[in-house]
Amino acid sequence: MGDHMAVVQEDDEGDEIAVNHDESSKKRDVPANAALPVIRPALGRQHSMSDRAKVAMQQYLNHFLGNMDIVNSREVCKFLEASKLSFSPEYGPKLKEDYVMAKHLPKISRNDDSRKCCCCPLFTCCNDNWQKVWAVLKPGFLALLADPFDTKPMDIIVFDVLPASDGNGEGRVSLATEVKERNPLRHAFKVTCGVRSIRLRTRTGAKVRDWVAAINDAGLRPPEGWCHPHRFGSFAPPRGMTDDGSQAQWFVDGKAAFEAIASSIEDAKSEIFICGWWLCPELYLRRPFHVHASSRLDALLEAKAKQGVQIYILLYKEVALALKINSVYSKRKLLSIHENVRVLRYPDHFASGVYLWSHHEKLVIVDYQICFIGGLDLCFGRYDTFEHKIGDNPPLIWPGKDYYNPRESEPNSWEDTMRDELDRGKYPRMPWHDIHCALWGPPCRDVARHFVQRWNYAKRNKAPNEETIPLLMPQHQMVIPHYMGRSREVEVESKNVEDNSKSIKRQDSFTFRSSLQDIPLLLPQEPEVLDDSSRGLIPNGLDYTTTKSASFRYQKAKIEPVVTDMPMKGFVDDRDSPHHHLKTSLDVMTLPGTKSSDIEWWETQERGDQVGSTDETGQVGPRASCRCQIIRSVSQWSAGTSQLEESIHCAYCSLIEKAEHFIYIENQFFISGLSGDEIIRNRVLEALYRRILRAYNEKKCFRVIIVIPLLPGFQGGVDDGGAASVRAIMHWQYRTICRGQNSILHNLYALLGPKTHDYISFYGLRAYGRLFEDGPVATSQVYVHSKVMIIDDSIALIGSANINDRSLLGSRDSEIGVLIEDKESVDSFMGGKPWKAGKLCLSLRLSLWSEHLGLRSREVNQIIDPVIDSTYKDIWVATARMNTTIYQDVFSCVPNDLIHTRAAIRQNIAFWKEKLGHTTIDLGIAPRNLESYQSGDIQKTDPLERLQAVRGHLVSFPLDFMCKEDLRPVFNESEYYAAQVFY
């Protein structure tokens, strides 16, 4: 082997890679049969000696190259003319690699002729900044390495959607193009993706043409085809169309999600990616906090960093005058943890010219195996349970500034996080309702690819020469496909090797996974015919989708799914495609009437260590196989893309258009426009309007239920002089809902009359309780921060995007979400008829509705059918009205339908302050006794007696609140000059 390697050395490399039988070589685990037994009688019956030699060589090389510590050695890589990336299955199959010349990279110290850009020794034209680097082409990126044996790229181009035209009508822009040089001895090509374009040179024109063809092919290669837009215009293709391991699991409220995130971080082995709008290092992910000190975020990250886990954190760099999230403090605190923690803040407002928009994604990705996305930032105020308690005195659950109510006060400093900002004896915390989601398999890697794209873009802009902050390479959804046809015995052997090697400590990202497995890489068995759709989705014998990250405290349904494979009916096409029915065939079995046994799968959920009895609604969903697609909002400023992507917006509109029976929406904002609206540009409202009109014209029952915050979650009373931002958001939301020519209720009422409320209605959430034992009874809105839409109990959209122009247009805030369709169906009802509902989507709706309506799990059969009157009118609407009336009787709290002007607010506040001596900014303190007249006498009752009739948290949204006021900012308020911020 040494003689062979010496013969094939690169002509311009000299003898520097000569084989040395050093100690490291001797220690390698070379297989015992490494004597190249070309002829072995044990091979069995063969037709000729050449056949036996071929099989022997195949077996030897497959076994030899299965040891990643061997193949990643300089000697073997040199012999095979390959780099370490060639044998890294996480980055996909090897496509092409070779030396090229690059000019844009930092200077590399060398003592050879690697600066030559042409083969002629007579010219001195190469005495410039061109230098030789090793280029590696993978299915999703092109990386440039200083040396084939480096593990960190000097530069990387992550492939992304290219423009549909070059501006001259010549068709879609190419990823790579040949460049004509003035000097005929120079041969160059250009690679363009996003806002970047780099020029590379090779020694011959033939090599240029080879590179151009290979790069363009890689950018369009199925199933990803990263340079071509997918459904909804997304960068990512639909996943789960085959059994590729795509799975999802939902979490309702912060407790469930934070505990799952903490468990995943504790299990991390290699990398952790975190991206957030706001991040608090002192956040406890488990409560009570005093018995879970090790679950504080900074403590969790420190423990993993000391184990060698690489941690990358991407924070939104806020405009300090507008927001008080203090990302400078967070960055400083995180960087002090350990050298393996790397932090970037972006954008630089002055350099980028971006002042109004934000990075709004909330991501946690662990080892490319599991990711969490949704509405929850890892910050104060987000931890909550289904109970949505308003008090914590003395503090057990929410320490210091985690006892949070932005309606009352925003902390001016985060330095002393354990010090209270609010007086717990006077002010309630603002309960927080949110939804998060975990993903496994290809969707997880799509989310990680988005993070890598954003990280690399921020690194180039913020720290281009900072060596401690590396460029990242996106991992692929498959391992190298050279051994698709390997035998079952090899698979079993690989599994045994993996099981026996769990204690091996990871050295680096290039050798870890493969050093634990005997992975054959070269000389495939006789290949079977594979189509493009299967190549790249099949995990090639290795089940990477079955990870150590188990699902979180959920027991599988006892009933077996009737339909095991349900295609994306009508959802795989574009918005303009013909309408297809979602409903699966119901002639598989005859369904019985609704009874408790029908929902056994729901009632028998395993609650784990959740607070409360087993009767209480589950906050953790099933880990279910599904079809899903990652969608996002990004543009040049936020991710460095050449194309604006608004796939979340497109998905919303398309799903609404194709809904058959009902749409359920929870969102932090609801600001949208009808067709022709020249101010609000997103068209979610138009899609809802058209879908309701179609149902009305077809005389079909159709429900749209929307749950949003009662008031914007910003500091200041509605009448306060400094609360113009609160009033501005209220203006745009009421303009969308019910006020003026552009509102949906105004336009529907003109056509449908009073029947409008049978089709669409709006709600909020509210909670009450004592601030401390024997203390005052208080109330607060439950702040709806979730961003979810459920269609027909079959489709769910979960993410970080609000329903407003900021989140949906793509050119403003950056967002990410996932569209989920169940593969597993369960027996249900829709409109009084049998229906095949998705296991994950139905369970999510039942969890949300049970929480909002205050139902026990044994009562969930009452809301199985979301459309019929006995559910919608008799339970949902009736509960909201009753709760609203009770809260108004006890608190006279704001907002309510009886207050129409700012003068009325001032009058109410003055009255209650005089009567009580103290109240909250939204009149949330109850009198010690309620007074009522009975038979001419004044009767006094405890307010808690009246509040006992409240069921859950659901209340009606006050459509008439402040209806006689113009809530828009005026010219002497700063908000007047930045109106786009609020919609």
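Using this note's numbering, the first residue of the sequence shown is number 1, and each one after it goes up by one.
Beta carbons: idealized from backbone N, C-alpha and C, even for Gly.
Nearest residue (CA-CA) to Thr417, options Lys401, Leu279, Val981: Lys401
Residues of its chain near Ser487, where Cβ-Cβ distance is below 6 Å and the 5 sequence neighbours each way are ignored: Below a pLDDT of 50, predicted positions are generally treated as unreliable, and Ser487, at 34, falls in that range; the measurement from the model is reported next regardless. Excluding positions up to five away in sequence, the list is empty.
One or two residues paired with Val784 in a DSSP bridge: His433
3 or more residues per run - each beta strand (DSSP E) lying fully within the segment 614-660: 624-634
Contact set for Val782: own chain, Cβ-Cβ below 7 Å, skip 5 residues either direction: His388, Pro431, His433, Leu765, Arg766, Ala767, His953
Thr641 versus Arg196 - alpha carbon distance: 9 Å
Ranges of the beta strand (DSSP E) found wholly within the segment 216-251, counting only runs of at least 3: none
Helix, strand or coil at Glu973 according to DSSP, with G and I counted as helix: coil
Helix, strand or coil at Cys280 according to DSSP, with G and I counted as helix: coil
Rounded C-alpha distance that separates Tyr99 from Ala837: 55 Å
Reference Ser725; option with closest CA among Leu356, Tyr734, Lys940, Pro712: Pro712
Ser672 beta carbon less than 8 Å from that of His360: no
Within 8 Å, strictly: CB atoms of Ser330 and Leu315: yes
Euclidean distance between Cα positions of His852 and Gln369: 33 Å
Coarse secondary structure for Phe273, derived from DSSP in three states: strand
Counted within 10 angstroms of its Cβ, other Cβ atoms place Pro776 as buried (16 or more) or exposed: buried
Alpha-carbon spacing of Ile157 relative to Lys833, whole angstroms: 53 Å
Status (buried if at least 16 other CB within 10 Å, exposed otherwise) for Ser870: exposed
Ile679 classed as buried or exposed, judged by whether at least 16 other C-beta atoms fall within 10 angstroms: exposed
Neighbourhood of Phe961 by C-beta, 7 Å cutoff - its chain only, sequence neighbours within 5 removed: Pro895, Asn896, Asp897, Ile899
Same chain only: Cβ atoms within 6 Å of Ser675, ignoring 5 sequence neighbours per side: Glu686
Three-pair Cβ contact test at 8 Å for the segment 272-291 versus the segment 347-367: yes
Gly924 classed as buried or exposed, judged by whether at least 16 other C-beta atoms fall within 10 angstroms: buried
Endpoints, beta strand (DSSP E) assigned at Cys77: First-last for Cys77: 74-79, but that is the alpha helix (DSSP H), not the beta strand (DSSP E).
Range of the contiguous alpha helix (DSSP H) that encloses Asp128: Where Asp128 is concerned, there is no enclosing alpha helix (DSSP H), given that its DSSP letter is neither H nor E.
First and last residue of the uninterrupted alpha helix (DSSP H) at Lys915: 902-916
Supposed contact pair Thr177 and Val136 - C-beta distance, whole angstroms, cut 8 Å: Not a contact, Cβ separation roughly 20 Å.
The segment 285-297 in contact with the segment 390-407 per 3-pair CB rule at 8 Å: yes
Counted within 10 angstroms of its Cβ, other Cβ atoms place Val970 as buried (16 or more) or exposed: exposed
N- and C-terminal bounds of the beta strand (DSSP E) containing Trp876: Premise fails: Trp876 is in no beta strand (DSSP E) and is neither H nor E.
Three-way DSSP call (helix, strand, coil) for Thr736 in this model: helix
C-alpha distance - Arg632 paired with Gly810, whole-angstrom precision: 8 Å
Reduced DSSP secondary structure (H/G/I, E/B, other) of Arg946: helix
At least three beta-carbon pairs within less than 8 Å, the segment 943-952 to the segment 869-886: yes
Burial state of Trp917, where buried means 16 or more other Cβ atoms lie within 10 Å: The amino acid at residue 917 is misidentified as Trp; the sequence shows Gly. Label assigned to Gly917: exposed.
Exposure of Gly740, with buried meaning 16 or more beta-carbon neighbours within 10 Å: exposed
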